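Peer 1: Sharing a structure here in structure tokens format.
Number of protein chains: 4
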Amino acid sequence: MARQDAISVVGVSGSLRAQSCNTATLRTACDLAPDGMTISIFDLAPIPLFNQDLEKDGLPAVVETMRQTMAAADGLLIVTPEYNSSIPGVLKNALDWGSRGASHPFCDKPTAIMGATPGMGGTARAQTHLRQILGRLNARMINNPEALIANAPERIGPDGLIGDTPTRAVIQHVLTALKDLIEQHR
Amino acid sequence: MARQDAISVVGVSGSLRAQSCNTATLRTACDLAPDGMTISIFDLAPIPLFNQDLEKDGLPAVVETMRQTMAAADGLLIVTPEYNSSIPGVLKNALDWGSRGASHPFCDKPTAIMGATPGMGGTARAQTHLRQILGRLNARMINNPEALIANAPERIGPDGLIGDTPTRAVIQHVLTALKDLIEQHR
Amino acid sequence: MARQDAISVVGVSGSLRAQSCNTATLRTACDLAPDGMTISIFDLAPIPLFNQDLEKDGLPAVVETMRQTMAAADGLLIVTPEYNSSIPGVLKNALDWGSRGASHPFCDKPTAIMGATPGMGGTARAQTHLRQILGRLNARMINNPEALIANAPERIGPDGLIGDTPTRAVIQHVLTALKDLIEQHR
Amino acid sequence: MARQDAISVVGVSGSLRAQSCNTATLRTACDLAPDGMTISIFDLAPIPLFNQDLEKDGLPAVVETMRQTMAAADGLLIVTPEYNSSIPGVLKNALDWGSRGASHPFCDKPTAIMGATPGMGGTARAQTHLRQILGRLNARMINNPEALIANAPERIGPDGLIGDTPTRAVIQHVLTALKDLIEQHR
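Chains as they are written, first to last, in the working numbering: chain X, 1456 to 1641; chain H, 1456 to 1641; chain S, 1456 to 1641; chain P, 1456 to 1641.
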């Protein structure tokens, strides 16, 4: 495949914790990316709290970098924990910065969503909020299949990646759907 | 009324912008607090992005202060903008820190909600998300009346407070309902 | 306990199917009601589709009966399936009729929520919608514990009731919380 | 334009009331359909309450007709009131029937949403629920522009149609976006 045809996806994790099972899911997705797709991780830790007054002299440099990286990508992968029935403030804050201005990187962008929880929920509620937010931003979301990863810690192997076969298959199915959408979108 | 009977409410604004119409609404609420109630503002600007790894040596000092201030208060007032159909990351991030641990200041706490927008929406969608989050935290919310303040900038006077009479009445009604709930709750 | 002190709860199921695992959950709740509480089932099958034009000569008789039954009860128990990430139209239709007029039976009413699914979800999303709707109606909901019954069919015994011990315990915990709220409410 | 190229859209109103401002909005949309698009109304009044037991001998005839009509259409237009912060049971019930089985008419279907209220809200909350439900069904929704029609009754003329020029423009914009999506989709 020629270089210009390679599909580039930017992935973010809503958890900043080093041992996060969501970041482990994101790293696993990088590993399982289908042929012709590369997923690179953008770290949300350096993003400042949103404050419109900070825009007076232009967006903060790290925000500008995030926006350009996302805008240049063919697709997005958002992996989110669930805190208090919604997405983390960390993730929402990044979306708030990302959505500023007349044009933003989410509009019409093929976007896949995954989420992992220690317990049974699998981030069903957080993903609902995330889908509402991304719908408002007119992102093109993968709706099926969903990746709701319950009991996540026990699915992670000693290499820090999801080792559980059915969960890896779900991750692959979502990524394949994302690839199909990106190709249909071009 | 003896000092020990005074009702103390902590108010937060989900916007960090100096000229925010939500912070103006919060300041107006401080002014309009019914007899026997004092509303003090807690600024969310210094709260760091949530990262569970920061908890290893205890909560960050500013987070601990926020939690203790909220825990000591008889009630909470949350004033939220709407960004992308939800609450700001800034506010969700504060709730994420606030909700950590087995006991947290939101459980069973009388809580009032307000929101202001430049346009027509009045934060209806953001308040829906906020109510879901606070319901999960088992807060006691004022459901009626609602304070959905549309076209907010034109309601703000030169003193930076809401000057519009019907809007001031709505703010007062919500605060009176909060006072009633706190008194019934004691 | 004198008869006049007995707690009466009205329960509805959002599924009309005879073998519904949600109706089985409701029947199980009737069985497990704590001492001093009686749960009676109100069947939603005869409720017509909501049409405001039908109100011209007063509410339909079955709707009037539903409203009076609920108004006379000390508390409500709503057991809901999840269809398409929300509550069934059948249940929403009953709430639409029930909420008509200046006074309605949901306002300030202690209300417990349960839900059962054949799969993993346990009605997390349907309950989120239901809580938004009931919050708008100012019902007093039990927020903790939640009763999200996943893989429900395999928990039902030959008698058509939930036989699974941990699930029965969750049902009992919710009913005890409802009883406590009703007693505190009186 | 040859007959086979004409775009057919099926429209439903979530209100059964004869003088409904939502049904008036739907009729206005029929009038304002762009060249090459025809919108026909499917009445939800005869749809029975959903009951899976009714499926034993096949779907009820009216449900089968609704599904075939929707499946044959190039796009859908759903006009919804807001009852208790959500969509009417009448509309959800139709979606519940429509979504049954392995294949259903909503999957990948271009779908536009409108809503009207007597008050200020414009169905913002109902549309949020509707979008969650339709997202789960993998419908292709028009996200921009939104048609949130506040203070609807005063916008309706003596002919029972929306006469207000800016509101008619919003309706046209949504229909044009629907037409574009359908054409891109073919």
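The C-beta atom is built at its ideal place from N, Cα and C for all residues, glycine as well.
Note that the structure is a prediction, hence the values are computed from the model and not measured.
According to DSSP, A1571/P sits in a beta bridge with which residue or residues?
Peer 2: Bridge partners of A1571/P: I1604/P.
Peer 1: Secondary structure at Q1627/X, three-state DSSP: helix, strand or coil?
Peer 2: Three-state result, Q1627/X: helix.
Peer 1: So for L1546/P, helix, strand or coil by DSSP?
Peer 2: Of the three classes helix, strand and coil, the one that applies to L1546/P here is helix, per DSSP.
Peer 1: State the Cα-Cα distance for the pair L1592/P and T1578/X, rounded to the nearest angstrom.
Peer 2: Near 19 Å, if we compare the C-alpha coordinates of T1578/X and L1592/P.
Peer 1: Please return the same chain residues whose Cβ sits closer than 6 Å to the Cβ of T1520/X, not counting the five positions on each side in sequence.
Peer 2: There are no such residues.
Peer 1: Closer than 7 Å by C-beta to K1547/S: which residues in its own chain qualify, once you throw out the five before and the five after it? Chain order, please.
Peer 2: Closer than 7 Å at the Cβ level, and outside the excluded window around K1547/S, lies no residue.
Peer 1: Using alpha carbons as the reference points, say which of A1500/P, I1568/P, E1601/P lies closest to L1531/P.
Peer 2: Minimum Cα distance to L1531/P is reached at I1568/P.
Peer 1: What residues from the stretch 1566 to 1595 of chain H come within 8 Å of chain P, judged by C-beta to C-beta, listed N to C?
Peer 2: So the close ones are M1575, G1576, G1577, A1579, R1580, T1583.
Peer 1: Let's see if you can read the secondary structure: which residues bound the beta strand (DSSP E) around L1471/X?
Peer 2: Premise fails: L1471/X is in no beta strand (DSSP E) and is neither H nor E.
Peer 1: Please list the segments of the beta strand (DSSP E) lying wholly inside the stretch 1488 to 1524 of chain P, counting only runs of 3 or more residues, in order along the chain.
Peer 2: As far as the stretch 1488 to 1524 of chain P is concerned, its whole beta strand (DSSP E) runs of at least 3 residues are 1492 to 1496.
Peer 1: Taking the C-alpha atoms as reference points, what is the distance between P1496/X and E1601/H?
Peer 2: Note that residue 1496/X is Ile in the sequence shown here, rather than Pro. If you take the alpha carbons of I1496/X and E1601/H, they lie about 41 Å apart.
Peer 1: Contact criterion: CB-CB distance below 8 Å. Does N1477/P meet it with respect to chain X?
Peer 2: It does not: the Cβ of N1477/P has no partner Cβ on chain X nearer than 8 Å.
Peer 1: Check whether chain P comes within 8 Å of F1439/S, counting only Cβ atoms and requiring the distance to be less than that.
Peer 2: It is not possible to answer for residue 1439/S, since the shown part of chain S is limited to 1456 through 1641.
Peer 1: Please determine, among H1640/P, I1604/P, T1631/P, the residue with the shortest C-alpha to C-alpha distance to T1480/P.
Peer 2: The option with the nearest alpha carbon to T1480/P is I1604/P.
Peer 1: Are P1536/P and A1581/P close, meaning C-beta to C-beta below 8 Å?
Peer 2: Contact flag set, yes.
Peer 1: Which word fits D1551/X, buried or exposed, when buried means at least 16 other C-beta atoms lie within 10 angstroms of its C-beta?
Peer 2: So D1551/X counts as buried.
Peer 1: Compare the beta carbon distance of M1492/H and I1462/H with 8 Å and say whether it is the shorter of the two.
Peer 2: For M1492/H and I1462/H, yes; Cβs fall inside 8 Å.
Peer 1: Can you grab the Cα-Cα spacing for the pair Q1473/S / H1559/S, in whole Å?
Peer 2: Note on identity: in this sequence residue 1473/S is Ala, with Gln being the wrong assignment. Each residue's Cα considered, the two are about 29 Å apart.
Peer 1: Quick check on the DSSP output: the alpha helix (DSSP H) that includes G1590/P runs from which residue to which?
Peer 2: That run of the alpha helix (DSSP H) goes 1579 to 1591.
Peer 1: Pull up the DSSP beta-bridge partners for I1533/X, would you.
Peer 2: Bridge partners of I1533/X: V1467/X, I1568/X.
Peer 1: Would the beta-carbon of D1486/X fall within 8 Å of that of L1589/X?
Peer 2: Going by C-beta atoms, D1486/X is not nearer than 8 Å to L1589/X.
Peer 1: I think L1471/X touches V1545/X, with their Cβ atoms under 8 Å apart; what is that distance to the nearest whole Å?
Peer 2: With a Cβ gap of about 6 Å, L1471/X and V1545/X count as contacting.
Peer 1: Look up R1595/P in the DSSP assignment and say whether it is helix, strand or coil.
Peer 2: The answer is strand: DSSP assigns R1595/P an E or B state.
Peer 1: Along chain P, in chain order, which residues have C-beta atoms closer than 7 Å to that of A1605/H?
Peer 2: Residues of chain P passing the Cβ test: M1575.
Peer 1: Given a threshold of 16 other Cβ atoms within 10 Å of its Cβ, counted over all protein chains shown, does H1584/H qualify as buried or as exposed?
Peer 2: Label assigned to H1584/H: buried.
Peer 1: How long is the line joining the alpha carbons of D1498/P and C1476/P, rounded to whole angstroms?
Peer 2: When rounded, the distance between both Cα atoms is 15 Å.
Peer 1: Determine the closest residue to V1465/S out of T1478/S, A1488/S, A1528/S, E1609/S, with distance taken between C-alpha atoms.
Peer 2: Answer by Cα proximity: A1528/S.
Peer 1: So which residues on chain B does N1539/X lean against when the C-beta distance must stay under 9 Å?
Peer 2: Included in the structure are the protein chains X, H, S and P, with no chain B among them.
Peer 1: Excluding sequence positions up to five away, which residues of its chain have a Cβ less than 7 Å from the Cβ of F1505/S?
Peer 2: Cβ neighbours of F1505/S beyond the five flanking positions: N1548, D1551, W1552.
Peer 1: Take R1458/X and list the residues in its own chain whose beta-carbon comes closer than 8 Å to its own, dropping the five residues that flank it on each side.
Peer 2: Per-residue confidence for R1458/X stands at a pLDDT of 48, beneath the threshold of 50, marking its modelled position as unreliable; no derived number is given.
Peer 1: Can you confirm whether A1484/H, when its beta carbon is compared against all beta carbons of chain X, has any partner nearer than 8 Å?
Peer 2: Taking Cβ atoms only, chain X never reaches closer than 8 Å to A1484/H, which makes this a no.
Peer 1: Would you report the Cα separation of K1634/H and C1562/H, rounded to the nearest angstrom?
Peer 2: The straight-line gap from Cα to Cα measures roughly 17 Å.
Peer 1: For N1548/S, go through chain P and note every residue whose CB falls closer than 9 Å to its CB, in chain order.
Peer 2: Simply L1504, P1543, G1544, V1545, K1547, N1548.
Peer 1: Mind checking if R1522/P is an interface residue toward chain S, Cβ cutoff 8 Å exclusive?
Peer 2: No, R1522/P lies away from the interface with chain S (no Cβ there is under 8 Å from its Cβ).
Peer 1: What's the gap between the Cα of T1483/P and the Cα of M1596/P?
Peer 2: The straight-line gap from Cα to Cα measures roughly 20 Å.
Peer 1: Would you say N1539/S and S1554/P are within 8 Å of each other, going by their C-beta atoms?
Peer 2: Yes, Cβ-Cβ distance for N1539/S and S1554/P is below 8 Å.
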